[in-house]
Amino acid sequence: MFDTDKIRKDFPILSREVNGKPLVYFDNAATSQTPKQVIDVIVDYYSNFNANIHRGVHTLSQEATDKYEAARHTIQKHFNAKHAHEIIYTAGTTNSINLVANGFASLLEKGDEIIVSALEHHSNIVPWQMLCEKTGAVLKVIPMNQNGELLMEEYDKLLNENTKLVFVNHISNALGTINPIKEIIDKAHKHGAAVLIDGAQSCPHIKPDVQALDVDFYVASAHKMCGPTGVGMLYGKEEWLNKLPPYQGGGEMIAEVSFEKTTYAGLPHKFEAGTPNICGGIAFGAAIDYMNTIGFETIANYEHELLEYATKKLLEIEGLKIYGTAKNKTSVVSFNLEGIHPYDVGTILDKMGIAVRTGHHCAQPIMDYFKIPGTIRASFAFYNTKQEIDALVEGVKKAQRMLS
Amino acid sequence: MTIQEIQNEIIEEFSMFEDWEERYQYMIDLGKSLPLIQEQYKTEDNIIKGCQSKVWVHAEMQDDKVVFTADSDAIITKGIIAILIRVFSKQHPKDIIAADTDFIDEIGLKEHLSPTRANGLVSMIKQLKMYAIAYQTQLS
Chain A
1 MFDTDKIRKD FPILSREVNG KPLVYFDNAA TSQTPKQVID VIVDYYSNFN
51 ANIHRGVHTL SQEATDKYEA ARHTIQKHFN AKHAHEIIYT AGTTNSINLV
101 ANGFASLLEK GDEIIVSALE HHSNIVPWQM LCEKTGAVLK VIPMNQNGEL
151 LMEEYDKLLN ENTKLVFVNH ISNALGTINP IKEIIDKAHK HGAAVLIDGA
201 QSCPHIKPDV QALDVDFYVA SAHKMCGPTG VGMLYGKEEW LNKLPPYQGG
251 GEMIAEVSFE KTTYAGLPHK FEAGTPNICG GIAFGAAIDY MNTIGFETIA
301 NYEHELLEYA TKKLLEIEGL KIYGTAKNKT SVVSFNLEGI HPYDVGTILD
351 KMGIAVRTGH HCAQPIMDYF KIPGTIRASF AFYNTKQEID ALVEGVKKAQ
401 RMLS
Chain B
1 MTIQEIQNEI IEEFSMFEDW EERYQYMIDL GKSLPLIQEQ YKTEDNIIKG
51 CQSKVWVHAE MQDDKVVFTA DSDAIITKGI IAILIRVFSK QHPKDIIAAD
101 TDFIDEIGLK EHLSPTRANG LVSMIKQLKM YAIAYQTQLS
């Protein structure tokens with residue numbers, strides 16, 4: 001039996017009030033909350049281990065380095081990467097994507113093709129558009145249907161010998177669709193194309209196995225999975241990471257420097273210029289440990305229960321329409337009330353202590369597809385409850401009464 | 001009435017509301033009732049794009065006063081626009097330039113003018129002032 005009461009006690013923020021009401025936090029797809037097990041690690045780091053890593057001979061530096069590298073191993077094990085040096089610490093998913101896009105600038109030629117999906121976040125569209133501008137490569141888009149599912153037969157038609165890269169999110173942030181990434185990866189590989197999967201939205205719900213997926217690049221952010229903001233990771237197959245040039249120059253990423261020539265350090269340091277987010281990296285590891293203690297299967301099952309309950313309850317409201325009705329979806333409900341702007345509903349819900357996200361969710365192409373200015377998005381985590389969903393439903397009904 | 005007098009009047013009106021619901025219901029009603037702008041002025045040129053809601057602003061001079069009309073696709077945003085128009089429209093440009101929006105704090109709507117809100121209102125107020133500056137230049 002899943003004990004939410006016990007789990008909620010791990011999250012200090014969940015006991016606060018907002019606008020005089022108990023907080024109902026349903027903006028988990030934007031950022032997850034942080035358990036005290038992770039907060040303790042952050043406090044412990046600054047209280048006992050704070051030092052710059054890798055180069056110091058003193059004890060503090062040694063201890064901080066050990067913890068930082070141990071966290072890299074935790075991340076490696078979690079994603080089942082073959083080597084720890086295939087895990088690159090970054091500032092987050094967007095940073096990871098830009099690192100790869102920047103690297104490919106030197107590998108692409110005019111006429112090469114890049115495929116993205118219609119379900120992408122702006123952070124997985126814009127860097128590739130910039131890459132296309134730089135290289136003369138062409139951006140192609142896998143379309144979706146009314147349910148928010150990718151049209152795989154259209155994907156087949158887009159693939160050809162010019163396809164060099166395919167970028168798809170594992171789970172859509174705006175609609176919650178879980179994409180068939182294994183099929184996408186295998187098909188791309190048949191044409192010799194590399195694949196990057198954006199795991200920002202999947203990592204809070206699913207434990208991806210990068211070797212089983214045979215994916216070339218997989219990216220994620222710590223703050224979506226109970227860790228701190230400003231840190232994330234790029235998994236890349238060793239051969240690919242060796243092929244890509246460094247992203248930023250600086251300390252940490254070099255082997256030898258003279259004014260005539262600099263040789264770069266090996267993996268992972270080649271991509272980790274400057275002093276990294278040391279505390280963030282260590283806390284990222286702690287967040288992964290925390291989630292694994294609960295168990296991803298348990299999390300997925302419980303969140304699915306929340307999704308089904310919320311979908312059923314919300315659909316009982318007249319004039320409410322849900323966007324994103326894929327068969328395979330995660331605990332995200334994107335919806336609108338007929339004739340009412342999502343911003344207005346979000347404002348009223350906030351007054352009732354309920355945190356949802358409104359707007360286009362950095363996925364304007366999806367909103368354009370549905371011809372709407374945005375949606376109200378409630379996204380659930382394992383520490384949410386059915387009682388909170390009841391509060392949301394009551395809040396939405398009240399907003400509807402006030403606004404229509 | 002001067003801008004200050006109108007602001008005081010609005011503060012007094014809002015002081016009668018007992019809770020957020022009454023305050024918001026009032027704004028929603030304001031947003032619903034006002035014909036805020038003529039359709040012909042809802043153009044791309046007059047649009048201020050917030051991340052969340054859109055705002056249209058049109059300005060013209062009548063005698064030596066600036067007349068503003070505006071609109072939004074979100075009704076609460078529109079309600080706040082109605083209040084802003086009541087304060088700033090039909091005023092002399094130099095008074096508009098000099099005026100502040102502190103009264104919004106006092107009527108408990110401060111969060112709507114936060115830049116993170118992305119509803120276009122912060123840009124709208126800037127735009128009202130820009131129009132006033134432009135008209136003031138023409139007058140002097």
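So the sequence lines, in the order shown, correspond to chains A and B.
Just so we're aligned: the first sequence equals residues 1 to 404 in UniProt numbering.
Just so we're aligned: the second sequence equals residues 1 to 140 in UniProt numbering.
We put the beta carbon where it would ideally sit given N, CA and C, even for glycine.
Q: Taking alanine 74/B as the query, report the chain A residues whose CB atoms sit under 7 Å from its CB, ordered along the chain.
A: His341, Tyr343, Asp344
Q. Nearest chain B C-beta to lysine 351/A closer than 9 Å, yes or no?
A. yes
Q. Is the beta carbon of leucine 320/A less than 9 Å from the beta carbon of valine 396/A?
A. yes
Q: Report yes if the C-beta distance between alanine 26/A and alanine 287/A is below 9 Å; otherwise report no.
A: A quick correction: the sequence has phenylalanine, not alanine, at residue 26/A. Their beta carbons are not under 9 Å apart, which means phenylalanine 26/A does not touch alanine 287/A by this criterion.
**Q.** CB of glutamine 91/B within 9 Å of CB of isoleucine 10/B, strictly
**A.** no
Q.
Are there any heavy atoms of the ligand ADP lying less than 8 Å away from the beta-carbon of aspartate 66/A, as far as the coordinates show?
A. Of the ligands one can find in the structure shown there are none, so the ligand ADP has no counterpart to examine.
Q: At 8 Å on the CB atoms, spell out the chain B contacts of glycine 374/A, in chain order.
A: Gln52
Q | Neighbouring residues, chain B, relative to threonine 93/A (Cβ below 7 Å) | A | Neighbours of threonine 93/A in chain B, taken as residues whose beta carbon is under 7 Å from its own, are absent, since the nearest beta carbon is some 20 Å off.
(Q) Using C-beta distances below 6 Å, list every residue in its chain close to glycine 92/A, excluding the 5 sequence neighbours before and after it, in chain order. (A) Ser221, Gly232
**Q.** Counterpart residues of phenylalanine 167/A in DSSP-defined beta bridges
**A.** Val116/A, Leu196/A
Q | aspartate 209/A versus Gln37/A, Glu394/A, Pro12/A, Ile75/A, residue with shortest Cα-Cα distance | A | Selected option, being the one with the closest Cα: Ile75/A.
Q.
Which of the three DSSP states is assigned to alanine 287/A in this structure?
A. helix
Q: Determine the burial state of leucine 99/A: buried for a count of at least 16 other Cβ atoms within 10 Å of its Cβ, exposed for fewer.
A: buried
**Q.** For histidine 58/B, three-class secondary structure by DSSP
**A.** strand
Q.
At the level of alpha carbons, what is the spacing between glutamate 303/A and proline 204/A?
A. 11 Å
(Q) Measuring only the C-alpha atoms, how far is residue 407/A from tyrosine 235/A? (A) It is not possible to answer for residue 407/A, since the shown part of chain A is limited to 1 through 404.
Q. For isoleucine 87/A, does the three-state DSSP call read helix, strand or coil?
A. strand
Q.
Check whether the region 187 to 197 of chain A and the region 248 to 267 of chain A touch, using three or more Cβ-Cβ pairs below 8 Å as the test.
A. no
**Q.** Whole-angstrom distance between glutamine 400/A and glutamate 318/A, CA atom to CA atom
**A.** If you take the alpha carbons of glutamate 318/A and glutamine 400/A, they lie about 10 Å apart.
(Q) Assuming leucine 337/A is part of the alpha helix (DSSP H), what are its boundary residues? (A) Counting along the chain, no alpha helix (DSSP H) covers leucine 337/A; the unbroken beta strand (DSSP E) around it starts and ends at 332 to 337.
Q | Selected residue, minimal CA-CA separation from methionine 152/A, among Gln211/A, Tyr68/A, Gly136/A, Asp186/A | A | Closest option to methionine 152/A, Cα to Cα, is Asp186/A.
Q | chain B residues whose Cβ lies nearer than 8 Å to that of threonine 229/A | A | Under the 8 Å cutoff, chain B gives no residues; its nearest Cβ is about 15 Å from threonine 229/A.
Q: Let me know the beta strand (DSSP E) ranges lying completely inside the region 214 to 262 of chain A, each 3 residues or longer, listed in chain order.
A: 217 to 221, 232 to 236, 254 to 257
(Q) Any contact between the region 101 to 109 of chain B and the region 30 to 46 of chain B? By contact I mean 3 or more CB pairs, one from each, below 8 Å. (A) no
Q. Closest to isoleucine 115/A by CA distance: which of Phe79/A, Thr229/A, Asn162/A, Tyr383/A is it?
A. Comparing Cα-Cα distances from isoleucine 115/A to each of Phe79/A, Thr229/A, Asn162/A, Tyr383/A, the minimum goes to Asn162/A.
Q) Would you call valine 57/A buried or exposed, if buried means 16 or more other Cβ atoms sit within 10 Å of its Cβ? A) exposed
(Q) Against tyrosine 135/B, what residues of chain A qualify as contacts under a CB-to-CB distance less than 8 Å, listed in chain order? (A) None at all; the shortest Cβ gap to chain A is about 31 Å.
Q) If you count every other CB in all the chains shown that lies within 10 Å of the CB of isoleucine 13/A, and 16 or more means buried, which is it? A) exposed
Q) Taking the C-alpha atoms as reference points, what is the distance between residue 409/A and lysine 67/A? A) Residue 409/A cannot be examined here, being either before or after the span of chain A that is shown, 1 to 404.
Q. How big is the Cα-Cα spacing for leucine 128/B and aspartate 100/B?
A. The alpha-carbon of leucine 128/B is positioned some 12 Å away from that of aspartate 100/B.
Q) Whose C-beta lies closer than 7 Å to the C-beta of isoleucine 37/B among residues of the same chain, with five residues either side of it excluded? A) Excluding sequence neighbours, isoleucine 37/B sits near Trp56, His58, Thr69, Ala70, Asp71.
Q: Please confirm whether glycine 346/A and threonine 358/A have their CB atoms less than 9 Å apart.
A: It is a contact, given that the beta carbons lie within the stated cut-off.
Q) What do you reckon, are the CB atoms on methionine 291/A and cysteine 362/A nearer than 9 Å? A) no
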